[in-house]
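The next block holds one structure in the form of structure tokens; read it before the comments.
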Amino acid sequence: EKGGYEHFMLKEIHEQPKAVQDTLLRRIDDDGRICLDGISLTKEDLQNITKIYIVACGTAYHAGLIGKYAIEKMARIPVEIDVASEFRYRDPVIDEKTLFIAISQSGETLDTLAALREARSHGARILSVCNVVGSSVARESDDVFYTWAGPEIAVASTKAYTTQLVCMYLIALYLGDLTGNISREYYDHILEELLAMPDKIQQTLDKAPEIEELARHLYNRTQVFFIGRGVDSAVALEGSLKLKEISYINSFAIAAGELKHGTIALMEPETIVIALATQDRLFEKMYSNIVEVKARMAHVVSVAKEGNDKIEAESTEVIYIPQCDDEVTPILTVIPLQLFAYYVAKIKGEDIDKPRNLAKSVTVE
Ligand code: F6R
Numbered sequence: 248e249k250g251g252y253e254h255f256m257l258k259e260i261h262e263q264p265k266a267v268q269d270t271l272l273r274r275i276d277d278d279g280r281i282c283l284d285g286i287s288l289t290k291e292d293l294q295n296i297t298k299i300y301i302v303a304c305g306t307a308y309h310a311g312l313i314g315k316y317a318i319e320k321m322a323r324i325p326v327e328i329d330v331a332s333e334f335r336y337r338d339p340v341i342d343e344k345t346l347f348i349a350i351s352q353s354g355e356t357l358d359t360l361a362a363l364r365e366a367r368s369h370g371a372r373i374l375s376v377c378n379v380v381g382s383s384v385a386r387e388s389d390d391v392f393y394t395w396a397g398p399e400i401a402v403a404s405t406k407a408y409t410t411q412l413v414c415m416y417l418i419a420l421y422l423g424d425l426t427g428n429i430s431r432e433y434y435d436h437i438l439e440e441l442l443a444m445p446d447k448i449q450q451t452l453d454k455a456p457e458i459e460e461l462a463r464h465l466y467n468r469t470q471v472f473f474i475g476r477g478v479d480s481a482v483a484l485e486g487s488l489k490l491k492e493i494s495y496i497n498s499f500a501i502a503a504g505e506l507k508h509g510t511i512a513l514m515e516p517e518t519i520v521i522a523l524a525t526q527d528r529l530f531e532k533m534y535s536n537i538v539e540v541k542a543r544m545a546h547v548v549s550v551a552k553e554g555n556d557k558i559e560a561e562s563t564e565v566i567y568i569p570q571c572d573d574e575v576t577p578i579l580t581v582i583p584l585q586l587f588a589y590y591v592a593k594i595k596g597e598d599i600d601k602p603r604n605l606a607k608s609v610t611v612e
């Protein structure tokens, strides 16, 4: 049932090209436009929407962070994002002009479901991004945008995350089109970039031996930092969560520009810093942050787009991902981080598919 893989997590990591492809193709018609079959949100509905909330937990929340970047950029609608356990108790400002997007792989996470009910009771329109047909979140939503990841068995979420990212981009493009805030050229360009993702994910997966080697060097460290700017700061959170949940290494993610406001105090010789530097737009700023941690003798593992070899001067190791538009890099950037977490846990001999203290679906508060 693990298809020849040693763990479900590794199998699911390798299923990502197909899962992303399936999620995309379900929503693209013969004319190369996004079709939201079964989703009733119209242009008129959207004209009444003044605000979007994205609410989720854990990895799904991290996908939501990328969704906020994409929706604000493409549709120019303000997006607030919160973890469900906070949202439901903080008296958020919601009314009929609010679109509430819940993201949940299982569709059974109690906090997400309770947040959804709270939003609904204030009149919000509910759109959910979900992997399980007929789940509680799906049933209680006005519209459901399914991820086509297939069953995810490993506790650590991988293919659910990348397919949730695809959904967030498709929703952003769709809303951008309805609001008239993106050009046809940009819409077509991002769709093309997305359609190229399955191959590029595969190319990134092919680097597994290189990442396993890195894990062999670093598995016995007790502390790892993940830094990045823009969408990379959100991917840093996901990379850090993956590592801590299955390898039990104390990891911490922070927006790179925030380092100097406190956290840089923790840098000392050989501190591991995984620096995500995939954003062309922010490359020089990120480079300066890497120089700052390198000056404290940190061991810097950078993730960058192919061709940006300038980064090698300041990095102990560099993992390259294929070239792509800044907007959609998270789908690729997360791959080496998933593999790194996996190999570290494997070398440490941990129970990868069933990490201690964690359940696949959290149906308690
Ligand atoms: C981490 C992980 C969890 C879930 C979270 C939400 O790898 O799996 O953080 O993402 O519990 O679960 P769903 O998406 O089922 O609501």
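Per full-length UniProt numbering, residue 248 is the first one in the sequence shown, and the count goes up by one each step. The C-beta atom is built at its ideal place from N, Cα and C for all residues, glycine as well.
Between Gly381 and the ligand F6R, is the CB less than 7 Å from at least one heavy atom? Every heavy atom of the ligand F6R is 7 Å or more from the Cβ of Gly381, so no.
What number of angstroms, rounded off, separates the C-alpha of Phe587 from the C-alpha of Ala512? 25 Å
Going by alpha carbons, who is nearest to Ile537 out of Phe347, Glu553 and Thr518? Thr518
Reduced DSSP category for Arg372 - H, G, I as helix; E, B as strand; rest coil: strand
Within a Cβ cutoff of 6 Å, which residues of the same chain sit near Asp573, ignoring the five residues on either side of it in sequence? Gln526, Asp527 and Arg528
Distance cut 7 Å, beta-carbon to the ligand F6R heavy atom: residue list by chain order: Per the CB criterion, closer than 7 Å to any heavy atom of the ligand F6R, the qualifying residues run in chain order as Ala303, Cys304, Gly305, Thr306, Ala307, Ile350, Ser351, Gln352, Ser353, Gly354, Glu355, Thr356, Thr359, Val402, Ala403, Ser404, Ala407, Leu488, Lys489, Glu492, Ser608 and Val609.
To the nearest angstrom, how far is it from the Cα of Thr410 to the Cα of Asp598? 25 Å
When you compare the CB positions of Pro569 and Lys447, do they come within less than 8 Å of one another, or not? yes
Considering only C-alpha positions, which residue in the set Val330, Gly279, Lys552 and Leu288 is nearest to Cys304? Val330
Anyone know if the C-beta pair for Ala545 and Met514 falls short of 8 Å? yes
Do Val413 and Thr359 have their beta-carbon atoms positioned less than 8 Å apart in this structure? no
List the endpoints of the continuous alpha helix (DSSP H) containing Gln585. Pro577 to Lys595
When you compare each of Pro583, Ala401, Gly397 and Ile400 to Ile566 by their alpha carbons, which one comes out closest? Pro583
Please give the ranges of any beta strand (DSSP E) in the segment 407 to 463, keeping only runs that are unbroken, at least 3 residues long and fully inside the region. none
Contacts around Arg367, its chain only, beta-carbon distance under 8 Å, and the 5 residues preceding and following it disregarded: Phe347, Ile373 and Glu387
Please identify the residue among Gly354, Gln585 and Ala371 whose C-alpha is closest to the C-alpha of Asn378. For the residues Gly354, Gln585 and Ala371, the minimum Cα distance to Asn378 belongs to Gly354.
Short of 6 Å in beta carbon distance, which residues of its chain neighbour Ala455, apart from the five on each side in sequence? Order them along the chain. Leu586
Selected residue, minimal CA-CA separation from Glu439, among Ile260, Ile275, Glu259 and Ser608: Glu439 has its Cα closest to that of Ile275, out of Ile260, Ile275, Glu259 and Ser608.
Are Glu564 and Val548 closer than 8 Å when you measure CB to CB? yes
Please report the residue range of the beta strand (DSSP E) in which His546 lies. His546 to Lys552
Given this structure, state the Cα-to-Cα distance separating Arg337 from Thr469, to the nearest angstrom. Distance from the CA of Arg337 to the CA of Thr469, rounded to the nearest whole angstrom, comes to 35 Å.
Counted within 10 angstroms of its Cβ, other Cβ atoms place Pro602 as buried (16 or more) or exposed: buried
May I ask you to report which of helix, strand or coil DSSP gives Ile301? strand
Rounded to whole angstroms, what is the Cα-Cα separation between Lys298 and Leu288? Lys298 and Leu288: Cα-Cα distance of roughly 15 Å.
Quick one: Cα of Ser375 to Cα of Ala419, how far? Here the alpha carbons of Ala419 and Ser375 stand approximately 14 Å from one another.
With which residues is Ala524 paired in a DSSP beta bridge? Ala551
I'd like to know whether the C-beta atoms of Ile260 and Met444 end up nearer to each other than 8 Å. no
Residue environment, Gly423, which counts as buried when at least 16 other CB atoms sit within 10 Å: In this structure Gly423 is buried. Its beta-carbon is surrounded by 16 or more other beta-carbon atoms within 10 angstroms.
C-alpha distance - Phe472 paired with Leu490, whole-angstrom precision: 10 Å
Endpoints, the alpha helix (DSSP H) within which Gln294 is located: Lys290 to Gln294
What does the alpha-carbon distance come out to for the pair Pro339 and Lys595? Straight through space, the alpha carbons of Lys595 and Pro339 are spaced by roughly 43 Å.
Tell me the rounded alpha-carbon separation between Thr345 and Ala462. 44 Å
Alpha carbon of Gly251 to alpha carbon of Glu539, nearest angstrom: 44 Å
Could you work out which residue in Leu293, Tyr433 and Glu492 is closest to Asp600 when comparing CA atoms only? Glu492
Kindly give me the distance between the Cβ atoms of His309 and Leu523, rounded to whole angstroms, as I take these residues to be in contact under 8 Å. Their Cβ separation, rounded to whole angstroms, is 13 Å, which puts His309 and Leu523 out of contact at 8 Å.
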